[in-house]
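Read top to bottom, the protein sequences are chains A and B. The numbering used here puts the first residue of the first sequence at 11, with every later residue one more than the last. The numbering used here puts the first residue of the second sequence at 11, with every later residue one more than the last. In this text, a Cβ means the ideal position worked out from N, Cα and C, and glycines have one as well.
2 protein chains.
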Amino acid sequence: MRKTMPLAGTGLIAAATLMSAGVFAQQPAPGEPRFTSDGQLQRPDDYREWIYLSSGLGMTYGAAVEAVAKAGAPDFDNVFVTRRAYRAFLETGTWPDKTMLALEVRSSASKGSINKGGHYQEGMTGLEIHVKDVARFPATKWAFVSFGASARTAKALPANSGCQDCHSREGAVDETFVQFYPTLVPVAKAKGTFKVAATK
Amino acid sequence: MRKTMPLAGTGLIAAATLMSAGVFAQQPAPGEPRFTSDGQLQRPDDYREWIYLSSGLGMTYGAAVEAVAKAGAPDFDNVFVTRRAYRAFLETGTWPDKTMLALEVRSSASKGSINKGGHYQEGMTGLEIHVKDVARFPATKWAFVSFGASARTAKALPANSGCQDCHSREGAVDETFVQFYPTLVPVAKAKGTFKVAATK
Numbered sequence: 011m012r013k014t015m016p017l018a019g020t021g022l023i024a025a026a027t028l029m030s031a032g033v034f035a036q037q038p039a040p041g042e043p044r045f046t047s048d049g050q051l052q053r054p055d056d057y058r059e060w061i062y063l064s065s066g067l068g069m070t071y072g073a074a075v076e077a078v079a080k081a082g083a084p085d086f087d088n089v090f091v092t093r094r095a096y097r098a099f100l101e102t103g104t105w106p107d108k109t110m111l112a113l114e115v116r117s118s119a120s121k122g123s124i125n126k127g128g129h130y131q132e133g134m135t136g137l138e139i140h141v142k143d144v145a146r147f148p149a150t151k152w153a154f155v156s157f158g159a160s161a162r163t164a165k166a167l168p169a170n171s172g173c174q175d176c177h178s179r180e181g182a183v184d185e186t187f188v189q190f191y192p193t194l195v196p197v198a199k200a201k202g203t204f205k206v207a208a209t210k
Numbered sequence: 011m012r013k014t015m016p017l018a019g020t021g022l023i024a025a026a027t028l029m030s031a032g033v034f035a036q037q038p039a040p041g042e043p044r045f046t047s048d049g050q051l052q053r054p055d056d057y058r059e060w061i062y063l064s065s066g067l068g069m070t071y072g073a074a075v076e077a078v079a080k081a082g083a084p085d086f087d088n089v090f091v092t093r094r095a096y097r098a099f100l101e102t103g104t105w106p107d108k109t110m111l112a113l114e115v116r117s118s119a120s121k122g123s124i125n126k127g128g129h130y131q132e133g134m135t136g137l138e139i140h141v142k143d144v145a146r147f148p149a150t151k152w153a154f155v156s157f158g159a160s161a162r163t164a165k166a167l168p169a170n171s172g173c174q175d176c177h178s179r180e181g182a183v184d185e186t187f188v189q190f191y192p193t194l195v196p197v198a199k200a201k202g203t204f205k206v207a208a209t210k
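What follows is the structure, encoded as structure tokens:
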């Protein structure tokens, strides 16, 4: 059943509209990074609903993962990117401001259930976000934020971190390891944004 | 420049509207399987934009993948599910009619670019769809369709295929291997849909 709105409701609606406008002016759009008032990045709880880019197992390519080649039980890493950044990449071959990539680390297991060999994924042990925010990080444009398994907020790593150094030298596209994301390689090559030199 | 629509256009618009209505009545909603008139499933070109569930490396768990434990270069498999089916699973702990899961097989590589050890993903070598369509497959509810690397359409495997047999016996939830999808396990357990017996 619908109830008739009293006339006084008009004022409430106007106030609510103004409040909403104020909230939207301060808050980032969906898929954009959210920072606390003291500059910490808020953990993006929905990263598993972003676009999947690729996975590795036991990757020892850099400080970002700090993966250890553990005999028998290496870690998986899964990489995701926000949907808005993915759409922009398909059009331009590079990442827009406010891009976030998530690197999720999971332990591996074998011979469970019907599995006889190889490795499958189990519990999440770490989450790192690579965020592009030109106004907030003017010197590097990008920053790395490590949340571990469960932190709700975290500070960016220093601008001279090993992550930053390796990504800016070795990333095939705009400080990111597109050379390891097989569906994005042909896009970047077609758009002329793929730094072949970085991948040798 | 806009041109003035002649009066005869009104009839064209009405006809176009009727045609559209007819088309929409026959076509599945976004994220639902599309079959040709002779019953073949159309390759879902957008599966990489579905929800990612998990990956394995060198998994020898069943006939679905026919993965071979190749020394040094095992295959990755990545599993995705349509967004509408994923949303329904989060609410109910099981899969709605018209669910599609995609199993993508990719070759693995090592020691490329800056990578020093472990395995990362390269070219796609196969795509299999597990589709639930109760009206089309009344006996089994689900069917398996193997597209290989590039087929545009493909027939469902026979109802007595090894895939069907293993999934119906061993799948933890509704003939699917939710025991290997770590983010869905707690959902299914909370909803009471997880068959623990199947995972032993």
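Can you tell me the Cα-Cα spacing of residue i and residue j, whole angstroms?
i: Thr-109/A; j: His-140/A; result: 8 Å
i: Gln-50/A; j: Tyr-57/A; result: 17 Å
i: Val-203/B; j: Arg-94/B; result: With the sequence shown as reference, residue 203/B is identified as Thr, and Val is not the correct amino acid for it. Between Thr-203/B and Arg-94/B, the C-alpha separation is close to 19 Å.
i: Val-206/A; j: Ala-182/A; result: 7 Å
i: Ser-123/A; j: Lys-201/A; result: 45 Å
i: Arg-116/B; j: Gly-66/A; result: 11 Å
i: Glu-132/B; j: Phe-86/A; result: 16 Å
i: Thr-150/A; j: Ser-160/A; result: 26 Å
i: Pro-40/B; j: Gly-172/A; result: 43 Å
i: Ala-164/B; j: Asp-48/B; result: 10 Å
i: Pro-38/B; j: Glu-138/B; result: 20 Å
i: Ser-178/B; j: Ala-169/B; result: 11 Å
i: Thr-186/A; j: Met-134/B; result: 21 Å
i: Ala-98/A; j: Ala-208/B; result: 43 Å
i: Asp-167/A; j: Pro-43/A; result: Checking the sequence shown, residue 167/A turns out to be Leu, not Asp. Roughly 16 Å separates the two Cα atoms.
i: Glu-114/B; j: Phe-190/B; result: 15 Å
i: Glu-53/B; j: Arg-162/B; result: According to the sequence provided, residue 53/B is Arg. The question's Glu does not apply to it. The straight-line gap from Cα to Cα measures roughly 5 Å.
i: Ser-120/A; j: Val-195/A; result: 31 Å
i: Tyr-130/B; j: Pro-106/B; result: 33 Å
i: Ala-294/A; j: Phe-147/B; result: Because chain A in this structure spans residues 11 to 210, residue 294/A falls outside the shown range and cannot be described.
i: Thr-193/A; j: Ile-61/A; result: 11 Å
i: Glu-180/A; j: Val-188/B; result: 37 Å
i: Gly-68/B; j: Gly-128/A; result: 4 Å
i: Gln-174/A; j: Ser-64/A; result: 20 Å
i: Tyr-96/A; j: Glu-59/A; result: 13 Å
i: Lys-126/B; j: Thr-92/B; result: 35 Å
i: Thr-46/A; j: Lys-142/A; result: 16 Å
i: Asn-88/A; j: Asp-55/A; result: 15 Å
Listing by chain order, which chain A residues have their CB less than 9 Å from the CB of residue i?
i: Thr-135/B; result: Within 9 Å Cβ-Cβ: nothing; Thr-135/B doesn't reach chain A, min ~11 Å.
i: Thr-70/B; result: Asn-125, Lys-126, Gly-127, Gly-128
i: Glu-180/B; result: Ser-123, Ile-124
Does DSSP put residue i in a helix, a strand or coil?
i: Lys-199/B; result: helix
i: Ser-178/B; result: helix
i: Arg-116/B; result: strand
i: Gly-128/A; result: coil
i: Thr-163/A; result: strand
i: Thr-102/A; result: helix
i: Ala-149/A; result: coil
i: Gln-52/B; result: strand
i: Gly-172/A; result: helix
i: Gly-21/B; result: Because the pLDDT at Gly-21/B is just 44, under 50, the model does not fix this residue reliably, and the value given afterwards should be weighed accordingly. Reduced to three states, the DSSP call for Gly-21/B is helix.
i: Tyr-62/A; result: strand
i: Val-144/A; result: coil
i: Phe-45/A; result: strand
i: Phe-157/B; result: coil
i: Phe-190/A; result: helix
i: Phe-204/B; result: coil
Should residue i be listed as close to the ligand MG, given that the test is whether its C-beta is under 7 Å from any heavy atom?
i: Val-197/B; result: Absence of the ligand MG from the depicted structure is noted, as is the absence of any ligand whatsoever, leaving it without description.
Name the chain B residues whose beta carbon is nearer than 7 Å to that of residue i?
i: Leu-67/A; result: Leu-67, Gly-128, His-129
i: Phe-86/A; result: Ser-65
Name the chain A residues whose beta carbon is nearer than 8 Å to that of residue i?
i: Gln-189/B; result: Gly-122, Ser-123
i: Arg-58/B; result: Ile-61, Tyr-62, Thr-193
List the residues of chain B that residue i touches, going by C-beta distances under 8 Å, in chain order.
i: Arg-94/A; result: Result: empty, since nearest Cβ-Cβ is about 13 Å, beyond 8 Å.
i: Pro-192/A; result: Arg-116, Gln-131, Glu-132, Gly-133, Met-134
Check: Are there three or more Cβ pairs, one per stretch, closer than 8 Å when the segment 152-163 of chain A is compared with the segment 86-106 of chain B?
Finding: no
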